[in-house]
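Numbering (the UniProt record's numbering), first residue to last: 1 to 492.
The beta-carbon is built from N, C-alpha and C at its ideal position, and this holds for glycine as well.
Reading through the structure tokens given below for one structure.
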């Protein structure tokens, strides 16, 4: 191929890809996709609802079908215009450089040129998603928001990205071993993030990080594109306002994206989150393969002879401990717990904080829902264990008694159903004597007792919570349960 034609193809492809991404950001693609998705969810909710009569379903479903058809036609029309505009940019640039209209139009039909367009388009989209935003601090540019919606909002996209990633990884990961993975789970605000970061900083573990976003389901492929060779960037305090600073390479609880993709319909119910049912073998093997891809990508990045141990934090794993045991029988599960009254007040404070944030920034609520973070805020969904139910009156969530009862029901259920399967970690002890607590934890995890010593200096007591003037008494059952957990933690 003459040099002029080669340069024409490269320049035209680059211009077309920039145009494709920029037009996608500015045209209402997301709005049209969300319109189809929104009506589709209404159809599913209507069909599944036992409170809606068959007669009424017959009346409304044709209307919904009409709405889906209209929204789909609008999306298709927009897509045709978009493809025409991108093609026009390519042909015009290629023709201007090569001075050959026939070559410009014929080259666009070439399979190699189309692959080049896809590759450059993905690359420019990735660059644009990093301009003006920092995923680790939840400060997102419009391009980054678009990319997150594409990757996380659609169950079909999540499943497809997982399957494609699995196919691309192929035999490279099948021999990767997963030995004694460590899971950190429990109620939010009990120190789960502190434990996660302390373990990860030891260098003994591989985990999902903010750099894994938004294509969490494709750790092998996306991990290669977003690899951590780049600088971690400036660390900033996370949205919780709790002094914990995070960056692109900080570990975070992203595992729920996998479970929501394949079991979300079973656990996510209108009133909250219910315990997971018994997983089937196909799901467990898919999960094992996904974890192997995370470890294999980490091993390739670090150049280590053996893969590191897998580490994951997921508060929702409280509801699927049996599934984790079924996937990895040698898994170790760490559950921090905290003084019930202080824990309840901390949860309430975060609930109020995120209610305000979600009211100001709808994307922040979408983001938390995509990740399965329903701990507090407008998307709060409690664990439906024991007698726990989500109050119909939202105002009840502003009463510390709700969160105190929630603490009691969850920990009583955990102690009864999985008490001997968990490593209970006393949050108060962790804050007051971090060196001792981390040394004991390291020993329980099969690490050298000094493996976490460097992390002890970064742990301190949380900001004090003012309990003066509170007309609330910790129930005897709650206090007895707390003391039982402290005894269990000290004994273990």
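Checklist entry - Quick one: complete alpha helix (DSSP H) runs, 4+ long, within the region 403-487? => result 427-432, 434-444, 453-456
Checklist entry - Would you report the Cα separation of residue 12 and residue 189, rounded to the nearest angstrom? => result 52 Å
Item to check | Whole-number beta carbon distance between residue 192 and residue 274, since they are thought to touch under 8 Å | outcome: Cβ atoms of residue 274 and residue 192 stay farther apart than 8 Å, at about 21 Å.
Item to check | Buried or exposed by the 16-neighbour rule on C-beta atoms within 10 Å, applied to residue 290 | outcome: buried
Item to check | Option in 463, 433, 486, 99 with minimal Cα separation from residue 424 | outcome: 486
Checklist entry - So is residue 369 buried or exposed if we call it buried at 16+ other beta carbons inside 10 Å? => result buried
Next on the checklist: What would DSSP say about residue 162, mapped onto helix, strand or coil?
Outcome noted: Looking at residue 162 - three-state DSSP - the assignment turns out to be helix.
Checklist entry - So, is residue 137 buried or exposed, given that buried needs 16 or more other C-beta atoms within 10 angstroms? => result With a pLDDT of only 44 at residue 137, under 50, the local geometry of the prediction cannot be trusted, and the value read off the model is given with reservation. The residue is buried, with at least 16 neighbouring Cβ atoms inside 10 Å.
Checklist entry - Are there 16 or more other CB atoms within 10 angstroms of the CB of residue 248, so buried, or fewer, so exposed? => result Buried, by the Cβ-count rule.
Checklist entry - What residues match up with residue 573 in a beta bridge as DSSP calls it? => result Lying outside 1 to 492, the shown extent of the chain, residue 573 is not represented and no answer is given.
Item to check | Selected residue, minimal CA-CA separation from residue 216, among 257, 194, 186 | outcome: 257
Next on the checklist: Within 10 Å of its beta-carbon, does residue 132 have 16 or more other beta-carbons around it, so buried, or fewer, so exposed?
Outcome noted: Confidence at residue 132 is low in this model, with a pLDDT of 47, below 50, so its placement is unreliable and the value that follows should be read with caution. With fewer than 16 other Cβ atoms within 10 Å, it is exposed.
Item to check | Other residues of its chain near residue 23: CB distance less than 8 Å, five sequence neighbours each side excluded | outcome: 82, 85, 86
Checklist entry - How would you label residue 294, buried or exposed, when you count the other beta carbons within 10 angstroms and need 16 or more for buried? => result With 16 or more other Cβ atoms within 10 Å, it is buried.
Checklist entry - Hey, residue 335 and residue 186 are a contact pair by Cβ (cut 8 Å); roughly how many whole angstroms apart? => result 4 Å
Checklist entry - Can we say the region 372-383 touches the region 261-275, given the rule of at least three CB pairs closer than 8 Å? => result Touching, per the Cβ criterion.
Checklist entry - Terminal residues of the continuous alpha helix (DSSP H) containing residue 258? => result 256-267
Checklist entry - For residue 262, is the classification buried or exposed, using 16 other Cβ atoms within 10 angstroms of its Cβ as the cut-off for buried? => result buried
Item to check | First and last residue of the uninterrupted beta strand (DSSP E) at residue 335 | outcome: Taken as a continuous stretch (DSSP letters only), the beta strand (DSSP E) holding residue 335 covers 332-337.
Next on the checklist: So for residue 46, helix, strand or coil by DSSP?
Outcome noted: helix
Checklist entry - Thinking C-alpha only, which one of 65, 45, 166 is nearest residue 269? => result 45
Item to check | DSSP state of residue 209 mapped onto helix, strand, coil | outcome: strand
Next on the checklist: Three Cβ pairs or more, each shorter than 8 Å: is that satisfied between the region 172-184 and the region 319-338?
Outcome noted: yes
Checklist entry - DSSP on residue 116, reduced to helix/strand/coil? => result Helix at residue 116.
Checklist entry - With burial defined as no fewer than 16 other Cβ atoms inside 10 Å of the residue's Cβ, what is the status of residue 229: buried or exposed? => result The predicted position of residue 229 is uncertain, since its pLDDT is 46 and thus under 50; a value taken from the coordinates is nonetheless stated next. Residue 229 should be labelled exposed.
Item to check | Under 8 Å between C-beta atoms of residue 251 and residue 198 | outcome: no
Checklist entry - For residue 384, does the three-state DSSP call read helix, strand or coil? => result coil
Item to check | Straight-line gap, residue 351 to residue 338 (C-alpha atoms, nearest Å) | outcome: Looking at the backbone, the Cα of residue 351 and that of residue 338 are separated by about 17 Å.
Checklist entry - Under 8 Å between C-beta atoms, does residue 387 make it to chain B? => result Looking at the structure shown, chain B is missing, and only one protein chain is on hand.
Checklist entry - If we count Cβ pairs, one from each stretch, closer than 8 Å, do we get three or more for the region 462-481 versus the region 405-415? => result yes
Checklist entry - Can you name the residues that DSSP bridges to residue 273? => result 268, 383
Next on the checklist: Taking DSSP's pairing of strands, which residues face residue 497 in a bridge?
Outcome noted: Any answer about residue 497 is impossible in this case: the structure gives the chain only from 1 up to 492.
Item to check | Cβ distance (whole Å) where residue 364 is taken to contact residue 373 below 8 Å | outcome: About 10 Å; that fails the 8 Å criterion.
Checklist entry - With DSSP run on the structure shown, which of helix, strand or coil describes residue 245? => result strand
Item to check | C-beta contact flag for residue 355 and residue 378 at 8 Å | outcome: yes
Item to check | For residue 497, the three-state DSSP class (helix, strand or coil) | outcome: Outside the displayed range of the chain (1 to 492) lies residue 497, so it cannot be described from this structure.
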